[in-house]
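Engineer: Start counting the sequence shown at 6; every next residue gets the next number (our numbering).
Please read through the structure below; I'll follow up with questions.
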Amino acid sequence: MLTASDVLDLVPQQRPFRFLDRLLAIDEKGAVGEYTFRSDESFYAGHFPGDPVTPGVILLEAMCQTGLVALGIYLLGLELPRAEVERTVTLFTDSHVEFERVVRPGATVRIQAEAVFWRRRKLRSNVRLWLADGTPVAAGTVSGMGVTRGPA
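The structure is reproduced here in structure tokens:
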């Protein structure tokens, strides 16, 4: 069984496109992750100059990195040896997410994911994202599929 630390080490996304700093909890039912949006993130320069806001697609990516990638790695680790898990990458397939508020530079967000469906490397999760103070930002459903990478 993989620990939260093991799972975080296996998440393939890296800076500047990793939006998961910490995994606070993970098990077969779900995961909780956190990320702090740094003021020097490249997308703030153009979104929007003088009044930066985290793009919704980046918030969706943060939700997917916790609710699909990290959770998928954990669930796959319950079924396969670590070497096989390391050769698997999770690809996004679809989502339905509604946004309520903006996220500004410097904000820490928490993502909670609840597994809805896991079968044959296909995962669907209910996800919620809120600010560290508990203010809700977004919620919905995301889906993805684990595929085996070819030889390096």
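Idealized CB from N, CA, C, for every residue including glycine.
Output the boundary residues of the alpha helix (DSSP H) element that contains G77.
Structural biologist: Here residue 77 refers to the residue found at position 72 of the sequence shown. Counting along the chain, the alpha helix (DSSP H) containing G77 begins and ends at L76 to G82.
Engineer: Contact between the stretch 91-108 and the stretch 68-80 is defined here as three or more beta-carbon pairs at a separation below 8 angstroms; is this criterion met?
Structural biologist: Enough Cβ pairs lie closer than 8 angstroms, so yes.
Engineer: Under DSSP, the alpha helix (DSSP H) around G61 begins and ends at which residues?
Structural biologist: Along the sequence shown, read from residue 1 onward, the residue named residue 61 stands at position 56. Taken as a continuous stretch (DSSP letters only), the alpha helix (DSSP H) holding G61 covers G61 to C69.
Engineer: Within its chain, find whatever has a CB closer than 6 angstroms to the CB of E89; leave out the 5 residues flanking it on each side and keep chain order.
Structural biologist: In the sequence shown, counting from the first residue as 1, residue 89 sits at position 84. None.
Engineer: Which partner residues does A118 have in the DSSP bridge list?
Structural biologist: Counting from 1 along the sequence shown, the entry for residue 118 is found at position 113. According to DSSP, A118 bridges with A36 and V132.
Engineer: For my contact list, A143 and L134 are in at a C-beta cut-off of 8 angstroms; report their separation, rounded to the angstrom.
Structural biologist: Along the sequence shown, read from residue 1 onward, the residue named residue 143 stands at position 138. Along the sequence shown, read from residue 1 onward, the residue named residue 134 stands at position 129. That pair is a contact at about 5 angstroms.
Engineer: Return helix, strand or coil for R126, following the three-state DSSP convention.
Structural biologist: Here the question's residue 126 lines up with position 121 in the sequence shown. Three-state DSSP puts R126 in coil, outside helix and strand.
Engineer: For Q117, which residues in the same chain have their Cβ closer than 6 angstroms to its Cβ, ignoring the five residues on either side in sequence?
Structural biologist: By one-based count along the sequence shown, residue 117 stands at place 112. The answer, listed in chain order, is V37 and R133.
Engineer: Buried or exposed for R129, going by 16 or more other Cβ atoms inside 10 Å?
Structural biologist: Indexing the sequence shown from 1 puts residue 129 at position 124. It counts as buried.
Engineer: Would you tell me roughly how many angstroms separate the C-alpha atoms of E103 and G155, rounded to the nearest one?
Structural biologist: In the sequence shown, counting from the first residue as 1, residue 103 sits at position 98. In the sequence shown, counting from the first residue as 1, residue 155 sits at position 150. Computed Cα separation, rounded: 35 angstroms.
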